[in-house]
Structure formats: C-alpha cells, structure tokens
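Here the protein sequences line up with chains A and B, keeping their order. Residue 12 is where the first sequence starts when you use this note's numbering, and the numbers rise one by one after that. Residue 9 is where the second sequence starts when you use this note's numbering, and the numbers rise one by one after that. Right, one structure below, let's go through it.
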Amino acid sequence: MNELIPPFDWQYVVVSTWTESGAYYGWMFLMGFLVAASCGLVGNYLILRRMALVGDAISHSVLPGLAVAFIVANLESGESDVGSVGHGVRSPMVMFLGALAAAVVTTIMIEVIHKKTRVKQDAAIGITFSSLFALGVVIISVFAGKAHIDTDCVLHGEITFVPDDLFVVIGGREIAPGPVVRMAAVTALTVLLITLFYKELLVSSFDSGLAASLGVNATVVHYGLMSWLSVVVVSAFEAVGAILVIAMLIIPGATASLLSQRLPWMLALSVVHAALSSLLGLHLAIWLECSVAAAMCVAGAALFGLVWFLSPSEGLIRRWVGRRRTTRGVEPAA
Amino acid sequence: MGLRGGGTMRSSMADSLWNSGARARRRPAEGRDVPRLRFAAVSALRLVVIAFAVVAAPACFADRIGDMTETSVGEQALRFFTFRDESLRYALLGTILLGVNCGLLGGFIVVRKLSLMGDALSHAVLPGVAIGFLWNMTKDPVAIFVGATVAGLLGALTVTAITHTTKIKEDAALGMVLSGYFAVGYCITSMIGRLDTGNKAGIDHFLFGQAAAINRDDIILMGMVTALTLGCVAVFYKEFQVTSFDSAFARAIGFPTRLFHNGLMLLLAFSVVIALQAVGVVLVSAMLITPAASAYLLTDRLHRLLVLAAMFGVVTGAIGAFLSFLGSGLPTGPLMVLAASTVFALAFLFGPRHGVLMRWWRQRSRGHRVRRENTLKAVYQVLEGRGFKGESVTLLELAERRRETEDEARQQAAALVRHGLATRHGAGEHFVLTPEGWLRACEIVRNHRLWELYLTNAAHIAADHVHEDAERIEHVLGEDVVRQIERRLGYAETDPHGQPIPSMDDMRRGSGGLFGRDELQGYGRPT
C-alpha cells in the first residue's frame, strides 16, 4: 500500500509545485481550468435542457470524425504516421470540421431513431454513440496499423504533455503552449457566444413556447448548441479524452445548480468550480502520481459531494435538519 | 369526445377504429389461418434478416481486414470454423454466453427506459475492477468480479440518491456517476501502472475488450452468471413483466417493486462485469441496448423480445469474435458493437411492422387508397346530383366535382380502373363503376354522412363543423363500428344537411342489378 499511495509531503506536493516548477505546473493548471470552464459553461445549458447524456453521446461520437479528419489531413500532407490521434495535431481546422460533422450526424441520428421508431430517446442515444465510437476505434486501429489503440489518447488525453508542446510565438516572443492558446481562444469564444445569445439560450431552454412566440428558432439554437459543444469537446479531447470530458461537462453545472437558482450565478459558480477542481486535482495528481486529468475530475466530483452535503439551500444536512425541525414542531401538537 | 381538440387522440382513435374495421373485414373471409400465416411470414423474414446480417457484416469488413493480416483471410476463417484453437473456443463460448446474458437483461432495461443506466453502470465498475486487481495484483476473476459488482451497485445507488435528494435530473446524475466513478477508476489504474509488477497488461483489456484473453476461469464465471440470469428471468418472469410495464399496478397488488428494481440492477452489474473482458468498459452498454432495441423493433411481445434479443446478442457476439480473430489486432468490443449496430440498422429499415420502409410503404398505399375512395365518393355525388339517371360519368363531371383539372380526373379514373372499381367506355372520356366500385362508393358516402349525423346528435357539435372530421374518419370506419352507430342513431335516413344516407338496400341494388339495367333509367333510388 505504501508503494501505491505515497506519504503526503506538504512541502513536495503543495509548496515546491509553485516555487520550483511553477511555470510547468502553471500551464497544466491553466489548461485544466480552461477545459473545465468552457465545458462547464456549455454543460450548464445541457443540464437545463435535460441533455446531459447527449453531451455524453457527442463526446464519444466525435471520435470517428476526428479519425477521418486526421486521415484526410495526413493524406494531404503525405505523412504516413497517423497513429496518434490527439497529439501533435497541426491542423486544428480539419479536426474541428470533422468533429462538427460528427456532432451533427450524432444529433440527427438520435433524432431519426427516436422519432421514426418506438425506441425511446435514451436507447437511441446509447445506440448512436456506441456505434459511432466503435466505428472510430475500428478506423483508428485499421488505419493506424497498430496492434493496440493508444487508449490514453482516445479515452483520457494527457494534460501532462501540454507544457512540452510547441509554444506559440508572437512577435518573436514565446507566449504559451499551443494547446493552451487554442483552449483559451475556445473559452473566450464560449463566453462571447453565451453573452451574445444569452437571451435566446435562456428562453429556449426554459420555455419553448415563449421562445417560439419571441421568434427564437428552437431548432437553430439546438443545432448551434450541439455544434459548439462539439467544438468544445474536441478542443478538450487532447487534454482529457472522451470519457473524462463528460465529468467536465456535467459536474460543474450540477454543483452550481445545488448552490443557486439563478442562471448567471450558476454560470459563475461553475467557473469557480472549474478553477477549484483543477487546482485541487493538480495537487492530488502530484501527491498520488496518477493521471492529472482524472485527478481533476475526481476533485470536481469530490467538490460536488461536499456541496451535496453542505449546500445551504439543498444540502443533505440542511434537509435532515429541516425534517427534524418539522417533526419536532409537529409532535407536541399531536 | 374532444374531436376538435387533441390531434393525437383523434388519430389514435382512428387507428383503433381502422384496426377493428380491418379485422372485421378479414375475419369472415380467411378464418383463423391469418395470424398463423402472418407469424410464419414474420419469422421467415426474421431469419432472412439474421442470415443477411451474418453474411453481410463480414463482407463489409473483409477487405479492410485482409490488408492487415499476415496469414490469408480464408485460412483464418477456416481455423475459426474448425474450432481448432482452444482460446478461440473459449472466446466464442464467452461471447455467446455474454450475448445471451446482455440480450435478456437488455430487453428489460430497454422497455423500462433504463438504457443509459447500463452505460453508467459499466463505467462505474472501473474503480471496482482496479481495486479487485490490487487485491492480489493479478487478474483474479473472482476478486475483480466482487470489486466490480460492488462498485457498480454503489454507482446505481448514487444515481438514485442524487435524484431523490436533489433537484438534479436523472440524466445529469447518470452522467456524473458515469464520469466521476470512471475518473476514480482511472486514477487508481494509472497508479497501478506506476507499480512495476509487470502484470498490469491485463487491465488494459478492460477498456476495449479482447475476447482472446478469456480463459477457463472466466468462462466458468460467465456460465454461472448466465445461468443465474436465465433462472431469475424464468422464475420471476411475471414479476419482472409487471414491474417493467406498470409499476403502479405492481405496487398496488403488493409486489415489492423496489426489490425487483434492485434485483435487476444486481443482475445488470453481474452481466456488465462478465462482459468487460470481451467488450470492454466503454462499449458494454451497447451490447445491452442495441440487440434489445433491434428486437423491440420487430415484436410487440415481451417473451419474443427477450428471445430475439438473446439471439441477436449471440449472433453479434459470434460475429465480433470472428472478425476480431480474422484481423488479429482488432479489438473485439468495437467489432461486436458494429455488428450489433448493423443488425439494428437492418431492423430499422426492413422490420416488418415498425421498419421505416414498411411504414413508408403502408403510408403510401393508405394515401393511394384514400385518394381512390375520395374519387369514388365524387362519382357517387355526381350520380346523386342528377338523381341517379344514367350510370356513366364523364371525366369533365368528375373534374368539376373535385375542382381539379381534367388531367387529374383522368389519372384518378385510371387508378379506379386499375383496381377494378370502374370500367372505361367511349374514348376513355366516360366511365362506369363496377359492382364493387359502387359498393365501396356507397360505403364511403354512408360512413361520411353517418359520422356527421353522429357528431351532431351524439356529440352535439354544430352541423357546419362536422364535415372535416367526417372527411377523415370515413376511410377508417369498420363495418362493426358502422353497425353500432346505425343502431345508436336509430337507422336514420338523412344526414344533418338533409341528404339521404345510402342504406344496405342501395348497395344491394347497385351491385345486384347494375349491368342488367337500362342506361337511361340509371340505378334509381327507392322512395
């Protein structure tokens, strides 16, 4: 056991992280925060629209889109090595296009199966994402010419590689690692889009009838949200992978929804949750020497657990106390 | 009756009316052989679908896989079908057991709308697998089995706890449990990866599955779990059925529904765990959902659904094992899932009852029939308009009546002639209804006017509001419903607009003496 769980050394785990290799871990923290923040912002809307599992589906089914885009991009550039989806990608545009196409296909497939047959939506989601994901895995393993898929790339991503990536150079100065710059751009765009279309998203999420009467096209909003979701998921892919991205999508929003009833507060709180979970997760990973992305998700889940117990309005403890008070108030009268 | 209100209600009523009518019309003619014949046809179609899936799926992948293998595909296939390898026998047996197991349980979770619970559960077992592995640092099936089952059940309980104590909805709760447990599991796995025991290779297989890694101990475990599932389903079939379809009723008659729900979750956790080895964590849910959903498209009976789902599970499992064996490096899980998706796609397109193509065809032919019947009605009205003098109707008259061009009228008349409802005369410019056409025209007009009368008298809808409804329902009213309405209305002779409702006499008159009649005299009407 000692071998598995190293003793907790405050100096090594917390202090020296920032004093000695602050730049290295700083980029990792920033990347984790940006991924969790942009995913969390979009995730809030998924939760409100009861589409959390569509997010799950899209995060799985962008894989074939990525694989095909990767093969196409490499065919054009004439390289032969297509083994590492997720790393060292030099053509983000093609990747985004592939993922967008995959997301649209997923959304349409779910709707067609759900509407044209008596299969319910949950089963339709399950069938769609599993077949597309399986297709993606098969494409990669056939064309990569490898015996085993690089499971780390597909499923978990690797945030540790981020600081070693090529730095973006502007005006002769190194600014930041490529993935961080890309993710920052995506996050900024997410914030911008939410600000611009705040009313449309709000109205169509809560009251489709009112949305229609205000002239908001629900279908356009739906597909727009799905497309942007796919962009966010793809940019998060190389850091956290297909499954952990679900945690990044849902957990911040769910935690925030236990703390506030107002959408602006929920959005803000989910960003706070993203910052806290990536910071705690980073230190957890340094302590346990495990996968950074997974540790960030574990920290996020733990924060959710904490809020679940302690939330002033909906926490378990609050509910328990409230129930005791009610029964105590009733008893003397009875 | 809210006929002006919900469209769905109206259409469902129309559906049931249509069905009763259809049944009533068929029963006297063909007797009791019809259902049996239809069942035989359906089973034959099912066999064709399965056979096609078996043949087509390998063909789809064969060329691609051919590029990969060093030995030839044929050689590998031969090795597969002669069952020479021991590991192959185990792999095949394993995937078959798993197909049966997942298919049976999948049937229940698909009809209970719990599909994604399977997904959440399959991801939630990962920490259990990792801890089971840590127990004695080997791939000990029993330790992993126990660990994974406990973790899976904990996951299911967490979902219930979150949805019961917070306002978070089930989908978000499932997503959180799925990814949260998976993250914990992956943390532990990556910590195990750090240890240099050199034996962690096996744990990678749990992500995508490698049927070739199945050994004798696994098979024994799989067999036990499958036997347990089969036993539980056989013994508690009725209980599962009732709790799945009407849990309120089940509670009311005293079934412990929560116990059965938890029992199902336990069985689900068992089957997810045994499927891990072959399919992998990520895609287990597909083996639960897809075969069952395909079966759900093909049948309406739960027992047939379960049998079909188990069959699909076995077939897709075997295909997956076969393909994975052909292309020696390909993971089994994704191939099984693709095979299952192919079966689903086939059922989706060609299912005899709920398939998209069949439904489209049925809708199309129904549309054509409605158009023909409207033409017949127009012909009747033309004849009625001139007091049933003469029996031939010109295209011009029909076009005027239908407010269409003469070309359209010609096409419609041609459709009537094709279906033996009318004959053409002259240069094709006028036509005469056959006895059958006359009968059907009378029926349609009678249905229309009877329904109008029914709506005004029994449902108290204003007389000028009933036409639209009657336009729709006239095509779907069956004989027995018509008899009921006639009785209810006291065999009335005129509709709310004062026009006579054709009676049985009229129909008999038309069909009996049509051709013997002088053309000038026409059918006439009884006074």
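All C-beta atoms in this analysis are idealised placements derived from N, C-alpha and C, irrespective of residue type, glycine included.
At which residues does the alpha helix (DSSP H) containing residue i begin and terminate?
i: B:R372; result: V364 to G393
i: A:I297; result: L274 to L299
i: B:F244; result: Here B:F244 belongs to no alpha helix (DSSP H), and DSSP marks it neither H nor E.
i: B:Q420; result: E414 to R426
Could you spell out the range, first to last residue, of the beta strand (DSSP E) harbouring residue i?
i: B:S400; result: S400 to T402
i: A:P188; result: R184 to P188
i: B:H438; result: H438 to L441
i: B:H2; result: Lying before the first or after the last residue shown, residue 2 of chain B is absent from chain B, which here runs from 9 to 535.
i: A:I170; result: Run containing A:I170: none; DSSP gives neither H nor E here.
i: B:I469; result: Careful: B:I469 lies outside any beta strand (DSSP E) and carries neither H nor E.
i: A:F178; result: F178 to I181
Find the nearest neighbour of residue i within the set the options, judged by alpha-carbon distance.
i: A:L293; options: A:L200, A:A110 and A:Y35; result: A:Y35
i: B:M184; options: B:L129, B:P264, B:S373 and B:A422; result: B:L129
i: B:H427; options: B:D415, B:H433 and B:L441; result: B:L441
i: A:V79; options: A:L64, A:I119, A:V123 and A:S152; result: A:S152
i: A:A63; options: A:V83, A:G333 and A:I261; result: A:I261
i: B:A221; options: B:T174, B:G288 and B:L134; result: B:G288
i: A:T206; options: A:V192, A:A267, A:P75 and A:P275; result: A:P275
i: B:N382; options: B:N455, B:L113 and B:G395; result: B:N455
i: A:L212; options: A:S224, A:A199 and A:A229; result: A:A229
i: B:A449; options: B:G111, B:P510 and B:L497; result: B:P510
i: A:K210; options: A:A199, A:Q22, A:A222 and A:F315; result: A:A222
i: B:V108; options: B:M232, B:F153 and B:H433; result: B:M232
i: A:A265; options: A:L327, A:Y56 and A:L299; result: A:Y56
i: B:R361; options: A:Q22, A:S238, A:R129 and A:V105; result: A:R129
If we ignore side chains and look at the alpha-carbon of each, how far apart do residue i and residue j end up?
i: B:K177; j: B:A169; result: 11 Å
i: A:T30; j: A:A250; result: 24 Å
i: B:S302; j: A:A312; result: 35 Å
i: A:G51; j: A:S324; result: 21 Å
i: A:C301; j: B:V192; result: 10 Å
i: A:R339; j: A:V332; result: 10 Å
i: B:R309; j: A:V73; result: 36 Å
i: B:A329; j: B:A347; result: 10 Å
i: B:E416; j: B:L404; result: 10 Å
i: B:V280; j: B:F257; result: 30 Å
i: B:V364; j: A:T201; result: 39 Å
i: A:L15; j: A:I297; result: 13 Å
i: A:G76; j: B:A470; result: 59 Å
i: B:Q218; j: A:P190; result: 33 Å
i: B:R33; j: B:E444; result: The predicted model places B:R33 with a pLDDT of 40, which falls under 50 and marks its position as unreliable, so this point remains unresolved.
i: B:A260; j: B:V250; result: 11 Å
i: B:D225; j: B:V167; result: 32 Å
i: A:C308; j: B:R202; result: 20 Å
i: B:F278; j: A:V192; result: 45 Å
i: B:T16; j: A:Q132; result: The predicted position of B:T16 is uncertain, since its pLDDT is 40 and thus under 50; no value can be drawn from it.
Taking 8 Å as the cut-off, decide whether the C-beta atoms of residue i and residue j are in contact.
i: A:V46; j: A:M277; result: no
i: A:S1; j: A:I257; result: Nothing can be reported for residue 1 of chain A, as the shown portion of chain A is limited to 12 through 345.
i: B:S187; j: A:I170; result: no
i: A:M39; j: A:V173; result: yes
i: A:I121; j: A:A68; result: yes
i: B:R536; j: B:L429; result: Any question about residue 536 of chain B goes unanswered here, given that chain B covers just 9 to 535.
i: B:I282; j: B:M230; result: yes
i: B:A138; j: B:I228; result: no
i: B:L447; j: B:D503; result: no
i: B:M125; j: B:L182; result: yes
i: B:A300; j: B:G115; result: yes
i: B:S198; j: A:A305; result: yes
i: B:L396; j: B:A421; result: It should be pointed out that residue 396 of chain B corresponds to Phe in this sequence rather than to Leu. Not in contact: B:F396 and B:A421 (Cβ atoms no closer than 8 Å).
i: A:L314; j: A:L287; result: yes
i: B:C110; j: B:L274; result: no
i: A:P263; j: A:A279; result: no
i: A:G54; j: A:G66; result: yes
i: B:A132; j: B:G163; result: yes
Under 8 Å between C-beta atoms, does residue i make it to chain D?
i: B:D127; result: The structure shown contains no chain D; the protein chains it does contain are A and B.
Q) Any chance the stretch 148-159 of chain B sits against the stretch 237-252 of chain B, with 3 or more Cβ pairs inside 8 Å? A) no
Q) Taking contact to mean at least 3 C-beta pairs separated by less than 8 Å, is the stretch 486-502 of chain B in contact with the stretch 468-477 of chain B? A) no
**Q.** Contact the stretch 314-325 of chain B vs the stretch 356-375 of chain B: 3+ CB pairs below 8 Å
**A.** no
Q) Should the stretch 228-247 of chain A be regarded as contacting the stretch 263-275 of chain A, the criterion being three or more beta carbon pairs within less than 8 Å? A) no
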